[in-house]
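Here the sequence shown stands for residues 140 to 685, where the numbers follow the numbering used here.
Worksheet for the structure shown next.
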Amino acid sequence: MTTSLLQIGVRGLTAAQGALATTSHNIANVNTAGYVRQEAVMATAGGLSTGAGFFGGGVDVATVRRHYDQFLAGSLQALGSQRAADAARSDGLAQLDALFADPELGIGAGIDRVFAALGDMASRPADTAARQAVLGAVDELARRFNAMGTQIDQLSAQADARLSLEAGQVNEQLSQLQRLNEAIVRAQASGHAPNDLLDQREQALQQLGKLMAIRTVDAGDGATNVFSADGQPLLVGQQAARLAAVSDGTRLVLQLSAAGAVHTLDADALGGGSLAGTLRLRDQDLAGAGAELGRLARAVTDALNAQQALGVDARGNPGAPLLAMDSGATSLRALPLSPAQLATGYAAVAQPAQANAGSARVAAFDVVRAGPENTTPVGIAFADPPTSFTLTGVPGGPLTLPYQSGQPIPPAPADYNGWRLVLQGTPAAGDRFEVDRSPNPGADNRNALALGRLANQGLVDGGSLNQGYASLLAKVGTRVQAARGAADLSARMEGEARASRERVSGVNLDEEAANLLRYQQAYQACARVIQASQALFDSLLAASGR
140 MTTSLLQIGV
150 RGLTAAQGAL
160 ATTSHNIANV
170 NTAGYVRQEA
180 VMATAGGLST
190 GAGFFGGGVD
200 VATVRRHYDQ
210 FLAGSLQALG
220 SQRAADAARS
230 DGLAQLDALF
240 ADPELGIGAG
250 IDRVFAALGD
260 MASRPADTAA
270 RQAVLGAVDE
280 LARRFNAMGT
290 QIDQLSAQAD
300 ARLSLEAGQV
310 NEQLSQLQRL
320 NEAIVRAQAS
330 GHAPNDLLDQ
340 REQALQQLGK
350 LMAIRTVDAG
360 DGATNVFSAD
370 GQPLLVGQQA
380 ARLAAVSDGT
390 RLVLQLSAAG
400 AVHTLDADAL
410 GGGSLAGTLR
420 LRDQDLAGAG
430 AELGRLARAV
440 TDALNAQQAL
450 GVDARGNPGA
460 PLLAMDSGAT
470 SLRALPLSPA
480 QLATGYAAVA
490 QPAQANAGSA
500 RVAAFDVVRA
510 GPENTTPVGI
520 AFADPPTSFT
530 LTGVPGGPLT
540 LPYQSGQPIP
550 PAPADYNGWR
560 LVLQGTPAAG
570 DRFEVDRSPN
580 PGADNRNALA
590 LGRLANQGLV
600 DGGSLNQGYA
610 SLLAKVGTRV
620 QAARGAADLS
630 ARMEGEARAS
640 RERVSGVNLD
650 EEAANLLRYQ
660 QAYQACARVI
670 QASQALFDSL
680 LAASGR
């Protein structure tokens, strides 16, 4: 019985020492990322059968168990992927929002300056300084468009650089997981789980999940197989895939090389992670903003150039284009015109004859189609009674048409020699009007006024140019707010999942301190058992020596 008592004491001492070591290990790793709390699991050492019954043999440490919940870990991994995707997109959109908020790049202010300069030029068409101010405003507007387009391109280039960097990080994590799988399979041959290696693998999986959404499958021998969100093998057995950011001729795409095949992964195939968020930022948000900006630049270019072409410059020449734009891009440039080349007037003018007796007057004269026929002389003569008039010098003329005050001549969409005329008032019989070459185009402001009226025309989805830019700002702002809300929500959900995991797997220092005292007392008590065993043995020896 004395030997049995010694064995019980030694076993208890060893078990208490193991529990103390495990508790100390927990305390030491309280700040280690991904560490899962461990516990020394005790089991009775079995009993010794005697005539008086079974006497216990003490205690053994059966194993060291991790307090790990795979469902909580999987939830944290999935939510971590979603948060990383939302954060990557939100951060990029915040940069885009700051870009549109920069007053130095404000397109709206540039548009306002152009039309303010056009209004001033319409008041003083013969003033070279007023004409030069228009050219300066147009040039500044082009520079603002280009600067904003360049900034968007730079944000897209940053996204490409991040894709390349994070593709390399995916490969590093897969290589680490491959090494950890090998080590875990070898270690589990002992019959016990290598807890610290399992923690390292779990941490590597969490890090990989922040880059791209993954699914894991237990291989049965201690290894874990890893697949992408759309089922592509990332790590199966000892075969690890490779992810690369390569150019498809127009942009960088992510290609996964696995099992002898190459697969292109888009944002949907990635499922989540910062790679998916970066792809959505580049291909949806930045591309959308760039396309909207390009559409606005195209509307500005087409409108100004088209109206400029309808007029003539100070020398009577057809208006030359103000702006040029590369096809499918935001690259806008003001063409090198002199102030005299601004088309402020029209090639033709409608004037009443000096002998007219009625109150009819020219209310409007617009060139709607530029061409040499604009200056073909046209006569308008009112009959007796003056309820009709005869047109000469027009195609198919002479024409006799009824007269109605304020009615366009001819009604839209037709035109005579590229122009449309509106007479207003009551003519007298024999009154005449003539359309002929403009005598002083350099002092004519009619096309300058038409250029200024573009400010309020529906050139962008039925709205003005400034309304089109405001719509672009609103779309960017909506994307920013939605992305920020999604990032806040996913961060909160990930935090809740992390808290749930920590309640199960995290180290509680108060609990560990209590365990430390408990196992220390057990250790001391077992030492007293050994001491008692020694005392009994000494007494036996003393009694035998008499």
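Glycine included, C-beta positions come from ideal geometry on N, C-alpha and C.
All values reported here derive from a predicted model rather than from experimental measurement.
Separation of S678 and I669 (C-alpha to C-alpha, rounded to the nearest whole angstrom) is 14 Å.
By alpha-carbon distance to G634, the top candidate from A182, L145, A223, G196 is A223. Looking at the backbone, the Cα of E431 and that of N444 are separated by about 20 Å. Here M464 is actually not in contact with L409; their C-beta atoms are around 35 Å apart, not less than 8 Å. When beta bridges are read from the DSSP output, T514 appears opposite no residue. Contact annotation: R508 and G557 have beta-carbon atoms nearer than 9 Å. Inter-residue distance for P537 and F572 is about 14 Å (C-alpha atoms, whole angstroms). The C-beta separation of T483 from N586 comes to about 6 Å, placing the pair in contact by the 8 Å criterion.
Setting aside the 5 residues that flank it on each side, R559 is surrounded in the same chain by D505, V507, P547, each with a C-beta closer than 6 Å to its C-beta; the list follows chain order. Distances from the CA of S477 to each of P460, A492, G616 were compared; the closest alpha carbon is that of P460. In the structure shown, H402 falls within a strand segment according to DSSP collapsed to helix, strand and coil. M287 carries a helical assignment under DSSP once its states are collapsed to helix, strand and coil. Only residues of its own chain outside the window of five on either side were considered, and among them R204 have a CB closer than 6 Å to the CB of E178, listed in chain order. Its Cα nearest to that of Y542, the residue A499 stands out among P578, A499, L144. By alpha-carbon distance to A368, the top candidate from Q377, G412, G330, A496 is G412. G601 sits in coil when the DSSP states are folded into three classes, being neither helix nor strand. With respect to the C-alpha of F239, the residue from L218, A522, Q290, V149 having the closest C-alpha is Q290.
A distance of 9 Å or more separates the beta carbons of G213 and G151. For D230, the enclosing alpha helix (DSSP H) begins and ends at 209–240.
Secondary structure note for T526: it is in no alpha helix (DSSP H), with a DSSP letter that is neither H nor E. DSSP lists V501 as the bridge partner or partners of L562. The bridge partners DSSP lists for E641 come to none.
DSSP places N444 within a helical segment (H, G or I) once states are collapsed to three. In this structure V401 is exposed. Its beta-carbon is surrounded by fewer than 16 other beta-carbon atoms within 10 angstroms. Straight-line spacing of the CA atoms in R576 and T514 works out to 5 Å. Within the same chain, and ignoring the five residues on either side of F254 in sequence, the residues whose Cβ sits closer than 7 Å to its Cβ are G591, A594.
In the three-state DSSP reduction, L590 falls in the helix class (H, G or I). Contact annotation: L611 and L435 have beta-carbon atoms nearer than 9 Å.
In the DSSP assignment, M260 falls within the unbroken alpha helix (DSSP H) covering 246–262. In its chain, beyond the 5 residues on either side, P541, Y542 have a beta carbon closer than 8 Å to the beta carbon of T526. Measuring C-alpha to C-alpha distances from Y658 to each of A630, A158, L144, G148 identifies A158 as the nearest.
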